[in-house]
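Notes for the one structure printed next.
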Amino acid sequence: MSRLGRPSVEVLPDITWARLERNLWAALDEAEVAATPPPSSPRRWTRYAIAAGLAVAAAAALLLLWPSGASRSHDLPSRVATAE
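In this note's numbering, the protein residues as written are 1140 to 1223.
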């Protein structure tokens, strides 16, 4: 900024500053009201709870019903011999 020098700024009258401040505060007040989210309904949380419960139940069913190699009652034969 030192290479370019100081920017020139026009002096504004007090009435203009008052108008700018009034408009700025009005815009900030409107933005504050708009920024607050509406309260969520209990119905939305019920949907999420049901979906989470179904997901947990599906994961549990997959874990219980998924075949695993360790639970076999007998091993498959590795050699079959026949008499001729």
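Backbone N, C-alpha and C define an ideal beta-carbon position, used for all residues, glycine too. These numbers were taken from a predicted model, which means no experiment stands behind them.
{"Asked": "Where do the N-terminal and C-terminal ends of the alpha helix (DSSP H) with GLY1192 fall, by residue?", "Found": "1181-1204"}
{"Asked": "What is the DSSP secondary structure of ARG1142, counted as helix, strand or coil?", "Found": "coil"}
{"Asked": "Could you compute how far the alpha carbon of HIS1149 sits from the alpha carbon of ARG1158?", "Found": "The sequence given here has Glu at residue 1149, not His. One C-alpha to the other measures close to 16 Å."}
{"Asked": "For THR1155, which of helix, strand or coil comes out of DSSP?", "Found": "helix"}
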